[in-house]
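Take a look at the structure below.
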Amino acid sequence: DAGVIQSPRHEVTEMGQEVTLRCKPISGHNSLFWYRQTMMRGLELLIYFNNNVPIDDSGMPEDRFSAKMPNASFSTLKIQPSEPRDSAVYFCASSFWDSTSYEQYFGPGTRLTVT
Amino acid sequence: AQKITQTQPGMFVQEKEAVTLDCTYDTSDPSYGLFWYKQPSSGEMIFLIYQGSYDQQNATEGRYSLNFQKARKSANLVISASQLGDSAMYFCAMREVGFNKFYFGSGTKLNVKP
Chain V
1 DAGVIQSPRH
11 EVTEMGQEVT
21 LRCKPISGHN
31 SLFWYRQTMM
41 RGLELLIYFN
51 NNVPIDDSGM
61 PEDRFSAKMP
71 NASFSTLKIQ
81 PSEPRDSAVY
91 FCASSFWDST
101 SYEQYFGPGT
111 RLTVT
Chain H
1001 AQKITQTQPG
1011 MFVQEKEAVT
1021 LDCTYDTSDP
1031 SYGLFWYKQP
1041 SSGEMIFLIY
1051 QGSYDQQNAT
1061 EGRYSLNFQK
1071 ARKSANLVIS
1081 ASQLGDSAMY
1091 FCAMREVGFN
1101 KFYFGSGTKL
1111 NVKP
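Going down the list, the sequences are from chains V and H.
Residue numbering for the first sequence is 1 to 115, as defined by the working numbering.
Residue numbering for the second sequence is 1001 to 1114, as defined by the working numbering.
See below:
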C-alpha cells in the first residue's frame, strides 16, 4: 500500500525561479495538508483541503505561494518567484476526515534550497 | 493562544529508563483527538499514538503510552525502556472535529544516552 508520495525529493533552484512541488495522497483520503518545516519556525501548516476544496490558507506566507488540488489524487504547491528564505522541507500529508481518530500520514518531504 | 504547547525543547534520558514528554493543549471543541509523532534525523514523520477526547482509558502502543488528563488538558507521552533509536524530535498534535485541522507543537528533541 503506497503512502503519500511527494516529488521531487530534493530541489535546488535559483532565486526568482518558479518551483512546483507535487503530492499524491493516499487513495481514499479526503483531506490533504501542506506543511513547511524550518529550524527557525518549526512545522507550519500552509494550507489544507477537504474534498479537494481549500479550507484554510491562512498559513500561506504571501502571494508568491499558491496551492491547487484539481482532483482527489493530486495536489501542487507552487512558489513563484522563489526566494532564499523559502528554503525549507515541505511536507504533504493526507488523512481521512470522518472523526478525530484518523491520523495524518506524511509524505517523505521535499527539501527545497533556493540560492 | 497556542493550541499545543510543548515546554521541553530538549531532553536527555538514560538508555532503558522511562521518559515523559509534556504536552498541553487548548480547545473548546468537545470532540478532538490527540496524536504524537516522531521525527528521526532522517526527516520522516512517524505516527506513534492516538487518544480521543472521549476515550476513558489512556492509549498504549507498545513502549508508548499517552497520559491523558482531560481536566488539565494535558497529553503527555511516556516512553518506557528507552532505546538509542528513540533519539528524535517528538511532536504533539491535536485535531478538532469541527475544523478538521491539525495543530502541532514546537517539538521536543529527545536524546537517549548509552
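Backbone N, C-alpha and C define an ideal beta-carbon position, used for all residues, glycine too.
- Excluding five sequence positions before and after V/T20, the CB atoms of its chain that fall closer than 7 Å to its own CB belong to T76 and K78, given in chain order.
- Three or more pairs of CB atoms, one per stretch, sit closer than 8 Å, so the region 1024 to 1034 of chain H contacts the region 1070 to 1079 of chain H.
- V/E11 is classed as buried because its beta carbon has at least 16 other beta carbons within 10 Å across all chains shown.
- Taking all protein chains in view, the Cβ of H/Q1057 is surrounded by fewer than 16 other Cβ atoms within 10 Å, so the residue is classified as exposed.
- Secondary structure of V/R85 (DSSP, three-state): helix.
- Listed in chain order, the positions of the region 37 to 62 of chain V with a beta carbon within less than 9 Å of a beta carbon of chain H are Q37, G42, L43, E44, L45, Y48, N50, I55 and D56.
- A direct Cα-to-Cα measurement between H/A1059 and V/R36 gives close to 29 Å.
- Against chain V, the CB of H/S1106 has a partner CB under 7 Å away; the residue lies at that interface.
- In its chain, beyond the 5 residues on either side, K1016, E1017, A1018 and R1063 have a beta carbon closer than 8 Å to the beta carbon of H/A1081.
- Listed in chain order, the non-local C-beta contacts of V/D86 below 6 Å within the same chain comprise I79 and V114, local neighbours out to five positions each way being set aside.
- Ranked by Cα distance from H/S1031, the options H/D1055, H/N1067, H/Q1069 and H/S1065 are led by H/D1055.
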